[in-house]
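What follows is a single structure, written as structure tokens, with notes after it.
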Amino acid sequence: MAYHPDTQAFYIPLLLSCERGTFGSDIKREEGGGGSGGVRRTNLIHPESRDGIGEFLAMHARDGSILWRHRTRTPPNTAALTTGGGLVVVGDYDRYLYVHDAASGDILFQTRLPTSVQGFPITYAVGGRQYLAVPVGTGGGQWVTTIPADLTPEKKIAQSANGIFVFALPR
27 MAYHPDTQAF YIPLLLSCER GTFGSDIKRE EGGGGSGGVR RTNLIHPESR
77 DGIGEFLAMH ARDGSILWRH RTRTPPNTAA LTTGGGLVVV GDYDRYLYVH
127 DAASGDILFQ TRLPTSVQGF PITYAVGGRQ YLAVPVGTGG GQWVTTIPAD
177 LTPEKKIAQS ANGIFVFALP R
């Protein structure tokens, strides 16, 4: 989630699903193996999600009204990032990176990368030029391999190493 002071809005990446879990103590544990104790879990598409389980929305901070929303088949996979220039950035599980106009929600730029966009995008400037850096890769949390397989079986995980893509923003 991110906030932009000019729009007075929060930008919230959402996964529109529910989960039913069964927990128990009958799991054999190995030292260093981790885990949360779940015996079985089932992911369910949220009744309001229609055809996609991903949503990125702008919500006014003062009254909670929804300013705009962008639905996708797969969930967002990054934190939201706002910029002083009025942009808001988010990436999804299906390898898409979106740059929205923070006020209108219009997509100003989108690209599909070779692997899932993940983590926390950042911007920085060098020599007066602004850049957007986006981490990618399938490393990270276990849910990366379970949620889309349960809810979007037609989407496949791109197998690749972790990396960073850097884009120069227009002057």
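Using my numbering, you'd call the opening residue of the sequence shown number 27 and step up by one each time.
The beta carbon of each residue, even a glycine, is placed where N, CA and C say it ideally should be.
Remember, predicted model here, so these are calculated numbers, not experimental data.
Asked, Found
"Presumed contact (8 angstroms Cβ cut-off) between Y150 and A106, rounded CB distance", "Contact flag wrong, Cβ pair sits at about 17 angstroms."
"Three-way DSSP call (helix, strand, coil) for D77 in this model", "coil"
"DSSP beta-bridge partners of P102", "D118"
"Proximity winner among G145, L42, R197, T137, relative to R76 (alpha-carbon distances)", "L42"
"Backbone CA spacing between G47 and G131 [nearest angstrom]", "35 angstroms"
"Inter-residue spacing [alpha-carbon to alpha-carbon] between K181 and E74", "21 angstroms"
"Coil, strand or helix - L107 by DSSP", "strand"
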